[in-house]
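Note that the sequence shown covers residues 187 to 404 in the numbering used here. I have placed the structure first, in the form of C-alpha cells, so that the comments after it can refer back to it.
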Amino acid sequence: HHLPKVLRTMKTFAWIKSMAKRTVKLSVRYVSSHRQPPLPLSDYAGQDILTVGSGFMSDICLVEGKHEMPCPFDNCPEQPGQHQVYGYIIITTAAHVVFDDDEAKNTTVEFFYDNPNDRSNVRTARGVKVGAVSVEGDFCEMLCVTHDRQLLNAIEENMHFKEDLSHDRQLFDSIEENFKEDENVPLVRDEVFQDYIRTPLFYIECRKNDDIACPLEG
C-alpha cells in the first residue's frame, strides 16, 4: 500500500525484491569544496563531515577478462606498497549523496548490509571517481574498487549479477510499457521512474559491449 495503485503488480514487486539485493550503504566522510546550492550541505563545503546515503550496484567492470588490476590509491591504508584490487563496481546513487571525485574518494560502500545487529556478512569497497553526474536529475554513477576477492565472487556467483541485471532491465521496461498504455498516469510515471541521462563522456570512457571497461587507465 506504500506504492501508487498503478504500481501494485507482481512485476513491480519482483523488481523491488531484486533491486533490494543490490542496494548498498554509502558513508561519505567529506563534503566537496565545489558543492553549491541547491545541493544540500553546501554550507559545509570543504569540511570533513560524515553523511550516509544509499545506492545500488548497476554494473561490474571486466578488464580483459580479469578482475585483478593495480590499486588506484596512493598510500593505500588497506595494504602497503604496490598491490592489486579486484574489479571495479559501478554504484548508482544521487548527486546529493556523492557529488564529485573528491567525495567519491572519501566514500565507503557497504554491501549486504541487511541487519544492523549483525555485520558478519558485510563487505566493503572504496569509491574512486564519479563517472557521470547530473545535479538537475539528482543522479550519480560512481566507480569503486574492492580489496576483497570474496566480495566480487559473492556478487557474481551467489547473486548471479549479470543475469539479475538483465532481468531487472526487462522488468523495468515491461512496467514502463504499462504506463505508456494508460493515459491517466503520465505524472506518476514521471515521478516514480526518472529517466537518467548519462554523459557521452561516460559512455566513451567506460562502456564497452555493455560491460564496464577500465575507466582509470591511460
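In this text, a Cβ means the ideal position worked out from N, Cα and C, and glycines have one as well. Model, not experiment: these values are computed from the prediction.
query                                                                                                        : result
Rounded C-alpha distance that separates T294 from R194                                                       : 34 Å
D245 classed as buried or exposed, judged by whether at least 16 other C-beta atoms fall within 10 angstroms : buried
Proximity winner among L329, D286, T209, relative to V321 (alpha-carbon distances)                           : D286
Proximity below 7 Å, CB of A281 to CB of K315                                                                : no
Candidates E264, N292, I276, D288: closest to T209 by CA position                                            : I276
Contact check, G241 vs T278, beta carbons under 7 Å                                                          : yes
Proximal residues to V283 (C-beta, below 8 Å), its chain only, five neighbours per side dropped              : L212, V214, T237, G239, S240, G241, C326
Element boundaries [alpha helix (DSSP H), containing A231]                                                   : That residue, A231, is in no alpha helix (DSSP H); it is neither H nor E in DSSP.
Which listed residue (M243, Q265, G267, D304) has its alpha carbon closest to that of L337                   : M243
Minimum C-alpha distance to D324 - residue among L225, V308, H220, E264                                      : L225
Unbroken beta strand (DSSP E) run spanning D245, endpoints                                                   : 237-246
Bounding residues of the beta strand (DSSP E) (the contiguous stretch that carries Q336)                     : That residue, Q336, is in no beta strand (DSSP E); its alpha helix (DSSP H) goes 335-339.
7 Å CB neighbourhood of F298 in its chain, flanking five on each side removed                                : N307, V308, R309
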